[in-house]
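Residue numbers (the working numbering), protein chains in the order written: chain A, 2 to 397; chain B, 1222 to 1455; chain C, 706 to 1042; chain D, 3 to 243; chain E, 145 to 435.
No residue lacks a Cβ here, since even glycine has one placed at the ideal position from N, Cα and C.
The block underneath contains the structure these notes are about, expressed in structure tokens.
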Amino acid sequence: GKQESTAGQGSGGSNDIKIGAILPLTGDAAPLGDQSRKAIQFAVDEINAKGGIKSMNGAKLQVVWGDSQGNQQVAQSETSRLITQEKVALITGAYQSGMTIPASQEAEKQKKIWFASVPSDDLVTSRGLKYVFRIADTSSMRVKTQIQFLNDMKKKSDIKSIALVYENSSWGQGVAKYWKEELPKNGYDIVLNEAYDRKAADLTPVVSKVKNANPDVILMVSYVQDATLLAKGFKQQQVKPKAFISTSGGTADPQFLKNAGEDALNWFDVSAWEPDVNRPGSKELDKKFVEKFGTHPSGEQIKEYAGIYTIADALERAKSTDSDKLRDALKASNITSGPTVIYTKTIHFDSTQTLPDPSLVIAQFQKVNGKIERVTVYPASDARQGANIVFPYQAQ
Amino acid sequence: MLKVNNLSVHYGGMQALSGASLQVFEGEIVSIVGSNGAGKSTLINSISGMRKLTSGSVEFQGQDITAVPAHERVGLGIAQVPEGRRLFPLMTVKENLLLGSTIPEAKKHRQETLDEIYELLPRLKERENQIAKTLSGGEQQMVAIGRALMSRPKLLMFDEPSLGLSPLLVKQLFQLIQQINKGGITIMLVEQNVRQTLQIVDRSYVLENGSISIEGNGTDLLNNEHVKKAFLGM
Amino acid sequence: MKRFMPLLIAALVFLVLPVFVQDDYILLACINIFLFAYLATAWNIVGGFAGQLSFGHSAFMAIGGYISSLLFIHLGLTPWIGMIIGGIVSAIVAVLIGVPTFKLKGAYYAIATIAFSGGLLTILNTVQHIGKIELGASEGIVVPYKSDATFLDFQFVEKLPYYYIIYVFLAIILFVSWYIDRSKLGFYLTALREDEDAAKALGINTSRVKLYAAAISAFFTGIGGTYFGQLTMYILPDTIAGAGMSVQMVFLSIVGGIGTVFGPFVGSLFLTTIGEITRVSLGDSIPGLHLVIYGTIVALIILFCPKGILEPLQNLLSKRKERKVIDGRVVANQRSK
Amino acid sequence: MGVLLQINDLNKKFGGLTVTKNLTLSINEGQIYGIIGPNGAGKSTLFNQISGYIKPDSGSIVYNGKDITGKPPHVLCHEGIGRTFQIVKPFGNKTVLYNVAVGAFARTNNRKAALEKAEEVIEKAGLGSRKDVLAKNLTIVDRKRLEIAKALATEPKLLLLDEVLAGLTPSEVDDAVKLIREIRESGVTILMIEHVMRAVMQLCERVLVISYGEKIAEGTPQDVTQDPIVIEAYLGGEVHA
Amino acid sequence: MLQAVVQGILMGSVYGLIALGLTLIFGIMRVINFGHGTFLMMAMFISYFGITFLGLHPYLTLLIVVPVIFVIGYVTNRWLIQPVLNKEQDVREPISALLLTAAIAIVIENGFLALFKADYRVAKTSFSDQTIQLGSIIINTPKLYAFFLCAIVTVLFYLFMNRTEIGRRIRAVGQDRNAAKLMGISVEKTFSIAFGVGMALLGAAGVALLPFNQLYPAIGSLFGTMAFVTVVLGGLGSIPGAIIGGLLIGIVESVSSLYVPYTLSPMIVLYGFLIFLFIRPSGLFGSPHDW
Ligand SMILES: Nc1ncnc2c1ncn2[C@@H]1O[C@H](COP(=O)(O)OP(=O)(O)OP(=O)(O)O)[C@@H](O)[C@H]1O
Ligand SMILES: Nc1ncnc2c1ncn2[C@@H]1O[C@H](COP(=O)(O)OP(=O)(O)OP(=O)(O)O)[C@@H](O)[C@H]1O
Ligand SMILES: [Mg+2]
Ligand SMILES: [Mg+2]
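If you want it as structure tokens, here you go:
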């Protein structure tokens, strides 16, 4: 016999609703996990300050953290612990798709909601699990946006040959899979298909290969440290295609801007959100973030932030922490106002329980007042006012 | 000069020495004879500090050195030419010799001692830059002796120096030992080559089953019935 | 039989534990302890008994896990059989690697095994498919979740079946290990570990005996890979073939008592529990702190009992001194039979 | 009685060092055959070649009518060649019984049979009271006995003994001599390296003297010890009665 | 191709320097230091703090890094590893010491994580992004500097080992520790010095790496495995082996990536190494009788 956790207000006189959050808090993805942790806590604090879940007597949200250590077994064990020991109402996480896939399966077995705010691997929601929801933009969505962008740019200067450079974990490979499917359909030639280990100490060989392939466009997927190595490498080896286009993640990380911003001048990056994006509430949130943490939030942080608001919205409507009620509430989500519009116009879920149409944008690393910034340049509706697309690529 | 009291040593559970006692006076050549495995090396190693004692004590020049670690005993003037020579195989002859004088006192006189040794053993000077492991057995033995002398010891202990040497070399070796002794260094000699040893020593101890069974001067022992039977094959 | 009392008690306690503890997390924690005890015990057959320090055993887990899962996905073959096939392939691979590598000694062998498993990991992380068979490269393979799974599918909603399966696996490997230890093979392994030359003189074909040990060890490790795959339902190269997995097996064995039958089990019981406790109690405070404490505990164990905790533990249990000093002569205490 | 071991023109060099040179010898079944010679003469190296630890550079070793040159030690053990090591090699962390049982397993796969056999051999070797002692805790005498017992447990036809008497007191030597005789009585041919001349004189029917890897004399112990070359090279240059 | 070879040599020299410390410690103490990568991380952190807080030139931080990490190494050996070694005195390759270094590594790595967070840090230097063009080859300046630094340190280390009293003592202890004791050399102290020197070499490698590498607590694992492979390839305990092994691995890694995806180049290095090992089980310069 297993105990179904009952509604939050019933348990132990405490009025708190426990939300489990599993993240890579140690191990080599720890910097990313730490950022998510900040964003989640930030959103939770905001919601609690505004009075918690009103339909549940103002119940406060309380996050219970689990460290996946970037290890699937630990992620799974933490899931089990959060559910049975901590009796959390639902779980969010686990940043990395590789951890999310097995951990959410564990949650599914125990009939707990797994709410994925960041994991982008299509597998997360394509397995037909009943209790897994996602608001993250998936790899296929990002690829679509990138190709749309390419098609538009082609009008300015012809683009034919493309080099794919991506890190070799499930994330990079997932994206590459769609590139390889979609690019040829759209009339592009893949002239180089280069995967690398993101932990490699040195990426000069990759850079050299790209240089030899001499593509019109370089498409990339990378984490922070490898993105930094690539940016420096391309600049040093004077690789000059018509465009560098990255796929968020590492390049969207504030640390990348800090460590390699100069080198990545005029690179493009697809992302879910930018500090300067033309959406209501966005500037204000950005300001609060900078005040609190000293850095702009990353797209991933915004997704975590929006994720918590989506969860709160569902709790509000479900008036319960019962998994099935929550699931119904989540399925019925249709949020078009409030903080989540910072991320996307409407939060709703399709039949696979994933957000079908996140508002993706393309930002470009540009120099503004002598400082490198990510400037949203595409699509025009979201673009920063007065921003211009620099294309084809110009080195400094 | 050296006083060993009631020494016992164990290896794991096996007792190698049980209550051995002996004395060495300044300027003497004293030998320890005994069969294979009698505990001769163990005795020497206990004196030089290489072996932990189970019980007993070692005094050197009136000072109890039982607790002094091996590398510090060198500084007190105890040197050893170990069984099997134990040269530093990948180093040159000269480096091996220099390593003999790492203690501050010896280091001061390093060049001087080195010259003396080269004079005593001219062969070493010739081979100064040869790698030790490529030397012949006899040459290696000379390096081992030279190296021990480099620390300017007061007491020099030899553990089976004749092992693996041709009869001719053995004869020369024994002359060398006597020569070193004349230079004022007290000698303790462990040998299986009982007959020749007993001919050059002042006094000798017989070690059997981990303790001293007989003590006496060289010629006395040569004529001792037990010694004759056990070690001289008569 | 007195020596086996603690073991029997432990076996009984764990057998009935789920009756009292119905918490899935605790069961999962126990499953992890058992799984690692199982893996470490399997490792110990070659790493401990034969004294060949392998740092690449995760390779065999990967082989076992991949093979059974692929057979399940593509041919619908039950993992129970796939597991045996995976184990056999692991054993064959172990022999193939063993032939050249057992010539290597000490640290050379250790690093060679690191290189072998590191290379395999790279391949698994890179190869998308072999022919039509999807390997998924670093995305790994998802063991398809069947809502109508039966026992034959080796997947369960509840943790309880997993618990008893690994309980039985562990019992089997402990028995095998115990049996080997007292059989001819065990005598031969001990002999060659203590002195290879002397072993040869007694008619021991040392290279063949080492290969036997390697094959047995790899066979069971491969089966462990299948179990792991079925438990997590997801085979991710970095986890199943990663260095962390291999190192863990070595760690647990050394901490428990390398080369002993029950050392690896005790090691896992102790260390996996500590790992779990430190993570749970400190995991959400300062990131990394729990591992600092875990590492410190391991370091302390080594400092105070370099031979592992099994021996002092046994002494504690039997309250007997290993040796008695009689008449100044140390004589080994005779074991009471 | 036939020839059990025939060695023809054996040569072995280590780098520049010749350790076995043109060595020829033959040993009859049931003999006790001794090998003597100065330290480093190459006696143990010869054993290592016979028992398969070292491959000779040239020459042949014929045992029981079969050419066994270059065969590995474990095969030779099963062929019936047992050996001891000059530097004893006990399995230190195991009991005497365990040590000997390892040897007994050469002829059986059954644990019980092996242990029984081991007990029997241990008794014979005079280690009966020590069978549950860890090998590393044995005295030197017992270690030598253990070395013999391990070899005996493999049921050899030819037993190679490398200085098993070294380090024994005269009375212990006498015991050991008796043991070796018993072993021979039970039908084992013995080839022994020994420095203890007293035992060599008592035991051996024939003796081979080698120096620098070369045969310098062969014959009965009496003949050999009278040989001036042997006295010069081995016995120390000083002839004694 | 040429470009790849040059790049390989530049990276390889750093691998070599890292391996040098490892091989020294192994050669002298017979301890496989599983914490090697972690100590490298520590050295890089010290250098990083020297640059950011004291405003030092990156290469000037050597003056801090080398002595500090030497002391850390010395103390680690003296108080942690040595006691374990003493307990396992007659063991040839003390396995519990190996485990101990691994445990120490876990503590240090996660201690740094707890103290300094997991952030990626880059030491911004004036020359970080400069390049030098030689014909068709473009070289990143800090890598070139790193190469020279490695070369200089290697030469200094060689002289230290062969021309100084201390170096001679270290070698003596490595070749025969008991004989060394009889020469009046304290083996414990010499071990500690050797460990410290090994760490100091690593410190130099860390300083060389920092200007073109990012720094985070887990970076050690990145260099750890390669360092082991390098050391064994060169022959355990062999100093020239470490350097040549490092260069070889650097070149193979770099050149092979011209022909296979870069992800597979570690596989080529590792399996190439294995095949090499089957042919020459003692590595490039290891003596076959030693192991
Ligand atoms: N490190 C050791 N471990 C265990 N036993 C040892 C060790 N060293 C010596 N022994 C044993 O202790 C006893 C005494 O040994 P020791 O070396 O002192 O004898 P010895 O008289 O010098 O003999 P030899 O003439 O062979 O040199 C021998 O039985 C020997 O086997
Ligand atoms: N593996 C080897 N490599 C190089 N030289 C060796 C090897 N084995 C033995 N030797 C050398 O060969 C020579 C003969 O050694 P061996 O052990 O056969 O002598 P021995 O006659 O048994 O001497 P002892 O009476 O001292 O045991 C010695 O000089 C020895 O150093
Ligand atoms: Mg001796
Ligand atoms: Mg010999």
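Pairwise C-beta distances place the segment 183-192 of chain A in contact with the segment 136-151 of chain A, as three or more of them are shorter than 8 Å. According to the DSSP assignment, C/I714 belongs to the alpha helix (DSSP H) that extends over M710 to F725.
Excluding sequence positions up to five before and after A/D329, its CB lies within less than 8 Å of the CB of A319, all in the same chain and listed in chain order. Boundaries of the beta strand (DSSP E) harbouring D/K15: V5 to F16, taken from the DSSP string. When the Cα atoms are used, C/I1007 and C/G1013 turn out to be separated by approximately 7 Å. If the five residues before and after A/L266 are omitted, its C-beta is found closer than 8 Å to the C-beta atoms of F366, Q367, K368, I373, A396 and Q397, all from its own chain and listed in chain order.
The beta carbon of A/S37 sits closer than 6 Å to the beta carbons of L24, Y96 and E305 from its chain, once the five residues preceding and following it are set aside; these are given in chain order. By the neighbour-count criterion, in which a residue is buried when 16 or more other Cβ atoms sit within 10 angstroms of its Cβ, A/Y379 is buried.
The CB of D/P75 comes closer than 7 Å to the CB of K905 and A906 in chain C, given here in chain order. A direct Cα-Cα distance of roughly 7 Å separates A/K112 from A/Y132. Not a single C-beta of chain E is nearer than 8 Å to the C-beta of A/P216.
Leaving aside the five residues that flank B/L1443 on each side, the residues in its chain whose CB is nearer than 6 Å to its CB run, in chain order, L1419. Residues of the segment 1252-1272 of chain B with a C-beta atom less than 9 Å from some C-beta of chain D are S1256, N1257, G1258 and A1259, listed in chain order. Non-local C-beta neighbours of D/A127 in its own chain, meaning closer than 6 Å and more than five positions away in sequence, comprise R147, I150 and A151, ordered along the chain. Within the segment 258-320 of chain A, the complete beta strand (DSSP E) segments of 3 residues or longer fall at 269-272, listed in chain order. For E/L257, the chain C residues whose Cβ falls inside 7 Å of its Cβ are P992 and G993, in order along the chain. In the DSSP assignment, B/F1379 falls within the unbroken beta strand (DSSP E) covering L1376 to D1380. With a threshold of 16 other beta carbon atoms within 10 Å, A/Q73 meets it and is buried. For A/P359, same chain residues with a beta-carbon under 8 Å away, outside a window of 5 residues either side, are I136, A137, D138, M142, A273, Y344 and T345 in chain order. Contact annotation: in the segment 303-322 of chain E, residues whose CB is within less than 8 Å of a CB in chain B are E309, R312, R313, R315, A316, Q319, D320 and N322. Excluding its 5 nearest sequence neighbours in each direction, A/G282 has C-beta neighbours in its own chain below 7 Å: P340, V342 and I343, listed in chain order. At a Cβ-Cβ threshold of 8 Å, E/R265 and E/Y192 count as neighbours. For D/T26, the enclosing beta strand (DSSP E) covers residues L19 to N30. Legend: CB atoms of the segment 820-836 of chain C lying less than 7 Å from CB atoms of chain E belong to residues A820, F821, G823, G824, T827, I828, N830 and T831. With respect to the C-alpha of B/A1451, the residue from D/V175, D/D225, D/E165 and D/S188 having the closest C-alpha is D/V175. The DSSP-derived three-state label of D/M199 is helix. About 15 Å separates the Cβ atoms of A/E195 and E/P410, ruling out a contact at the 8 Å cut-off.
Cβ-Cβ distances below 8 Å link A/Q174 to Y167 and A196 in the same chain, with the five nearest sequence neighbours on each side left out; the list follows chain order. It is roughly 7 Å from the alpha-carbon of E/A323 to the alpha-carbon of B/L1308. When DSSP reads this structure, A/G250 sits in a beta bridge with A/S223.
Put simply, the CB of E/S426 is far from chain B, with every gap to its CB atoms at 8 Å or more. In the three-state scheme derived from DSSP, where H, G and I count as helix and E and B as strand, A/S352 is classed as coil. With a cutoff of 8 Å on beta-carbon distance, E/Q319 and B/P1310 are scored as near each other.
The DSSP-derived three-state label of A/Q149 is helix. Of B/E1429, B/L1410, B/L1428 and B/I1299, the smallest CA-CA separation from B/S1252 is found for B/L1410. For D/T20, the closest Cβ of chain B is not nearer than 8 Å.
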